[in-house]
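Notes to accompany the following structure.
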Ligand SMILES: Nc1ncnc2c1ncn2[C@@H]1O[C@H](COP(=O)(O)OP(=O)(O)OP(=O)(O)O)[C@@H](O)[C@H]1O
Ligand SMILES: Nc1ncnc2c1ncn2[C@@H]1O[C@H](COP(=O)(O)OP(=O)(O)OP(=O)(O)O)[C@@H](O)[C@H]1O
Ligand SMILES: [Mg+2]
Ligand SMILES: [Mg+2]
C-alpha cells in the first residue's frame, strides 16, 4: 500500500464537519416531526370510511414503502422542479424524508392500534367515556407506547438517510464532507471521520430516546399481554 | 331493572342471539352459563350498548339502550362491566385507573376522584397497591382493580364476562370472593361464568345459553339439580 | 425406575430445588402438586436432562442423567414428556408430528413410522385428524396429540407438566381420560397437575412441593385426607 | 458555434439502456440478498446460541453497519480498497458492502426467529430424543422461519431499494441510468416514472406475496 | 512504472467526467464523447495502445485513480495546490473561464446582480469554491442563497426549471447549453471576476515518468495543431492560450 494517510486536514476541518452534523440533526428532527404528524393523519385516513381518503392514503403509503428513498428524493428534486415548484435542497430533503416516514409510520400506527386488545376500548366505553375520551385517555397513550420503539428506529433511519442530502447538494454532514474532500482529494480520511460521527450520532440519539422512553413509559409500566 | 325483549343480533350473516327474553330485578344475581360461542358475551355487550342489535328492545331502568335519543355515555355509568382479561389500563397506576372515569366522565376534581378511587380500592382489598402499575399486579389483583374501577362510577348494575377464566386456579378465589361480597351488598349483577360452584352458591337464578337462545333458566337448585334440557345435561356432565 | 437423590438446582442465584429425594417405581403413578413457582416443572426438566443440576444424582433405569458419558438423546427416548402448552409442532400435520421423532431419531422408514404414528393417534382418539394441522385442533386434541407423539417413541416413562391447565374447562376431561387410560395400561408416570380430583383418583402416591422441597409425600387418601404440613393444608383450602 | 449535439431527445434505445440498468439493479440486489442472508443466518444463530461474549461482540460489530449510512459505507469501502491496492469493479465493491449490510440486518431477524420458537416446543422436541441439530433442522428452522419470514421479506425489499445507492461508486444501476437520461433529455417525469414503476413492480408484488405466504402458513 | 504498465497491457484507461459537456458527456447512444474523451483516444493512439473510457463523477475521480482502476484522469480537474498534495498534476491541457448561465427572461446583467439572487453550481468544482470564497469576502451579508448540485447537467436543469436564478458554469459548457434548446430558453450571463481555471490531467503523485510523458503529450497536441482542431470541434471560437505569461512553468 503506497498510500500515506493524512489526518491533519480532517482534524482541522472538524468544526466544519460538526457544523454539517448539526444540519443533519436539524433536517432529521424536522423530517421526523412532520412525518409523524402526517403518519397519524394517513393512518386515520386509511381507516376512514371515505373511499377517496383511503385511496389517497393507500397511494401515498405504497409509494413510500415500495420505491427507494433516493428515488423519492429525486422525485421531489427534479419532479417538482419540472412543474415549476421551486424548493431548495434543504426543503427537498425534509420533504422526501417526511414523505417516507409518513408512509412507514402510518402502517406502524395502524399495527399498534390493532395490537391493543379491544377490551381496552370496551372497558373505557363501559365506564361512560365518550369515544373521544376513550381515544385520548386510553387508546392514544398505549398507541404511543406501542409505536415508540419503531419510531426510534425510524428516527435513526432518517438520520442515516439524510446523508442522501449530499446527492442533492445539501451541506449536511455528508455533503460537507464531500465538499471538503473535493478540495483535498482525501476521500478515505474524510469519509472515515464522517462514518465515526454518524455512528456517534446514532448511538447518542438511540441512548437519548431510550432514556426518554424509560422516563415516559417507565420500565414497570408494561403494556398489555 | 334490566329487561331484554326478543333481542336478535347478527355479526354479518351469523345470527348470534336468536330472540332473547330476560328480566333481571333489582338486587338479583343472575348467572349465565353455556358453551363457548353460545352468545353469552354478546348479550352483555348489547346490554351495555357496546354492540347494536338487529331486533328487539333492551331497557335499563326503563331507558331503551338502543334508542337514538338515549345518552349512552350517561347510561353506561349505571352499568359497570368487567371482562375476561386486559381490563386494566396498562399506562396508568392502580389509583389512576380507578380515578380516570370519575374525573373525565363525572368531572370530579382530582382530589375528590382520588379519594373515591382510594376507598374503592380498599373495598376490593387493593389499598396497598395504589401506586403500582397493573403489570406489577397478579391476574387476580388486576380483576379486582377492574371491579373497583367499575364501582367508582357508582353503578346500579354490574356485568361480569368470565371475569375469572383467564386466571391461574389459585387466583380465582380472591376474585370470586370480591364478587360474592358485592352480591351480599345487594348489587344487581349478571355474571357470565364457568365456575359452577360460585354460580350455585351466589346466584338467585341461572340461565343456560345454547346457540343463541336461553334453553333453560331458573333457580340454581333446579338448573343444576334437575336439568331438563338435554344440552344442559351434556354441558354439566362435561364441566362436572 | 426413576430415582432422584439429593438434587439441588439453581437458576443464577435462586435455588429452585433444595435437595429433592424421590423414587418412582415401575408402573407407579406419582402426582406432584404445589403452588406456582415451587419447582415442579424444574424437577421434570431435570429428570429429562433438559436442565443441568448443581448437586445430586438422577438415575433413570440405572443410567445417570447428568453424567457426561450418558447419551442423552438415547435416554430421552425412554421418557415421554407433555407440557402445559405449545407442544404441537405447528408446521407439521398431526401424523407428521407423531412420525417425526421415529423417523429422525429411530431412523425408521417413512411408511413404518407413519403406521406407528397412525396407531398411536388412534390410541388417543385422533384417528380422524391425521392430516390436519395442529391449529385446526382444539386445545385438548393438541394435548392428546402430544401424548401420542411421546408414546410413539415407546417410552418407559411419561412425564406430564400441567398438561391440562391451559385448557378450557370443557376440554380438560378428554385429556385426563387419555392419561387415565395410560395409567390403567401400567405406564409409569409423573404427573404435575392442578386437578386434585384426577390426582386423588389415579395416583399411587402424591408429592406436595413447597418452595423447592417435597414437604409431604404419600398415598392420596393421606395427603388429601389428613394433610400434616400447614402449607399443604393452606394450599388445599385455596384450590378447594 | 458548435456542431455537436450535447443534448438529445429520448430514443428507443434509451429504454434498452434503462432496461439493462434495471437488470443490473436486480443482479446486484439478488447477489447481495442471497449472500447476506446466508451470512446473516449464521450470525443470527451465533447471537441466539452463543455465550454472552459472542453475543456482545457480534452485536457490537453488526451494529456498526446499522449505524453508519450505507452511502458512507459504500464510499468508504470503495476508497479503502482503492488505497489498499485491491481495485475492484464497482459491481464487486458494491456487492460486498451491500452483502455485509444485508447480513447485519438479517442477523437480528434470524436471531428473533430462533428466539421466537417457544421454549416448550424445543423442550418437546428434545424430550423426544432429537439432537440439537435435529431440533434446529426440523423444528426451530421451519417454525422460526415462519415467524420472521415477513421481516426477512422486508429486509430484502429494503436492500433492493437501497441498492440504488451503489450508483455513488459508479455502478450504473436503474436510478443512475435514469439520472443520466434525465440530464441528457430533460424528460424528467417520463424517466422517473419508468424507474419508479420498475421498483414498484418489483417491490409491491413481492411484499404482497410475502403477506400471502405468511397468511397461508398461519392457517396451516 | 505506470508508463511501462500501460504499454505492456496494451490498454490505456482514462477517467472522464461524463456529465460535463462538452468536455465529457454521453451521446444519444449513451456512449461517452467529448473533448476529454478525444484526448484520451489521442493519447492511446500516440502510445500505440487501445483506450477505455471509465465514466466517473467528480467525487469518484480520485478513488478511481488511487485504486488503479484507471491510469490517468482526463477529467477537467483544476490544478489546486491543495489537491496536488494528494495527486500528481500535469501541465494544463485546457483553461476555463467561469460564467453565469441565466434564464432568458432573467434581469441579471452585471456580476453584482448575483448578490441578491439564488445561485447554484456543481458540488466540488473549483468554481463552486471560488464563488463561495468570493461571496464570503465581497458579499458577506448577501441575501441570496447558494445551492450545490451533484453534476453540471443538474445545474443546467435547475436553472432552466427556475429552481435557481443563475448557475455558475464554465464558459465552454455555457456556450454549449445556450446553443441547444434542450433546457429551454437560456442565455449567457456575466463572466466571473475571479481567475481562469487551468485544468491538468491527474495520475498518482509518485509517477514521475508517466507525468513527464503526459506533459510532452500535451505539448505535442498543441504544437501539432490537434488542440485547436479539438477546440473547434467541441467548443468553437478562439482557442485560449495555455501558457502563463511571465512564468517559467
Ligand atoms: N365481532 C365479531 N364479529 C363476528 N363474529 C363475532 C364477533 N364477536 C363474536 N362473534 C361470534 O359470535 C358468536 C358468539 O360469541 P360470544 O363471544 O358471544 O360467545 P361466548 O358465549 O361469550 O363464548 P366464550 O365462552 O368463548 O366467551 C361466536 O360464534 C363468535 O365467533
Ligand atoms: N430458565 C429460568 N431462569 C430463571 N429462573 C427460572 C427459570 N425457570 C424457572 N425459574 C424459576 O424457578 C422457580 C420454579 O419454577 P418452576 O417452573 O419449576 O415452578 P412450577 O412449580 O412449575 O410453577 P408453575 O405451577 O407456575 O408451573 C420459579 O421461581 C421460576 O421463576
Ligand atoms: Mg365470551
Ligand atoms: Mg410449571
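Residue numbers (our numbering), protein chains in the order written: chain A, 80 to 304; chain B, 28 to 267; chain C, 28 to 267; chain D, 4 to 223; chain E, 20 to 268.
Every residue gets a Cβ at the ideal spot worked out from N, C-alpha and C, and that includes glycine.
On a predicted model such as this, the values are computed, not experimentally measured, just so you know.
Check, Outcome
"Reference residue 156 (chain C); option with closest CA among C:28, C:183, C:120", "C:120"
"Distance cut 5 Å, beta-carbon to ligand 1 heavy atom: residue list by chain order", "B:38, B:43, B:63, B:64, B:65, B:66, B:67, B:68, B:69"
"Candidates B:78, B:116, B:91, of which the one nearest residue 30 (chain B) by Cα", "B:91"
"Span separating the alpha-carbon of residue 195 (chain A) from that of residue 94 (chain C)", "48 Å"
"Rounded Cβ spacing between residue 111 (chain E) and residue 217 (chain E) (contact assumed at less than 8 Å)", "4 Å"
"Cβ-Cβ distance between residue 104 (chain E) and residue 85 (chain A) below 9 Å", "yes"
"Span of the beta strand (DSSP E) around residue 33 (chain C)", "29–38"
"Other residues of its chain near residue 220 (chain D): CB distance less than 8 Å, five sequence neighbours each side excluded", "149, 152"
"From B:266, B:176, B:260, B:257, residue whose alpha carbon lies closest to that of residue 106 (chain B)", "B:176"
"Proximal residues to residue 1 (chain D) (C-beta, below 8 Å), its chain only, five neighbours per side dropped", "Residue 1 (chain D) lies beyond the stretch modelled for chain D, which goes from 4 to 223, so this question has no answer here."
"Residue 28 (chain D): contacting residues in chain E (beta-carbon distance under 9 Å)", "What residue 28 (chain D) touches in chain E: nothing, since even the nearest Cβ is about 17 Å away."
"The region 124–131 of chain D touching the region 109–129 of chain C, judged by at least three CB pairs closer than 8 Å", "yes"
"For residue 120 (chain E): DSSP bridge partner residues", "E:186, E:207"
"Check whether residue 209 (chain C) and residue 74 (chain C) have beta carbons under 9 Å apart", "no"
"CB contact check: residue 149 (chain A) to chain D, cutoff 9 Å", "yes"
"Buried versus exposed call for residue 255 (chain B) [16 or more other C-beta atoms within 10 Å across all chains shown]", "exposed"
"Burial state of residue 143 (chain A) (16 or more Cβ within 10 Å)", "buried"
"Buried or exposed by the 16-neighbour rule on C-beta atoms within 10 Å, applied to residue 160 (chain E)", "exposed"
"Residue 303 (chain A), DSSP secondary structure in three states", "Interpretation of residue 303 (chain A) is limited by its pLDDT of 47, a score under 50 that renders its predicted location unreliable; the figure taken from the coordinates is listed afterwards. Residue 303 (chain A): coil per DSSP, three-state reduction."
"Contact with chain D by residue 134 (chain A), beta-carbon distance below 9 Å", "no"
"Chain A contacts made by the region 44–69 of chain B, where a contact means CB separation under 7 Å", "none"
"Residue 102 (chain A) versus residue 168 (chain A) - alpha carbon distance", "12 Å"
"Proximity test, residue 231 (chain B) beta-carbon vs ligand 3 heavy atom, cut-off 8 Å", "no"
"Within chain A, partners of residue 78 (chain E) - CB distance below 8 Å", "257, 260, 261, 266"
"Where residue 47 (chain A) meets chain E, residues with beta-carbon distance less than 7 Å", "With chain A covering 80 to 304 only, the question about residue 47 (chain A) has no answer from this structure."
"Interface flag, residue 204 (chain C) vs chain B, CB-CB below 9 Å", "no"
"Whole-angstrom C-beta distance between residue 31 (chain E) and residue 59 (chain E), which should lie under 8 Å", "7 Å"
"Alpha-carbon spacing of residue 120 (chain D) relative to residue 12 (chain D), whole angstroms", "58 Å"
"Inter-residue Cα distance where the pair is residue 200 (chain D) and residue 123 (chain B)", "52 Å"
"Reference residue 43 (chain C); option with closest CA among C:160, C:79, C:146", "C:79"
"Partners in chain C for residue 197 (chain B), counting only beta-carbon separations shorter than 8 Å", "62, 63, 265, 266"
"Residue 132 (chain C) Cβ short of 8 Å to ligand 3 heavy atom set", "no"
"Buried versus exposed, by CB contacts within 10 Å (16 or more), residue 138 (chain A)", "exposed"
"C-alpha gap between residue 85 (chain C) and residue 135 (chain C), whole angstroms", "30 Å"
"Three-state secondary structure (DSSP) of residue 6 (chain E)", "Not covered by the structure: residue 6 (chain E). The range shown for chain E is 20 to 268."
"Nearest-angstrom Cα separation, counted from residue 218 (chain C) out to residue 59 (chain C)", "6 Å"
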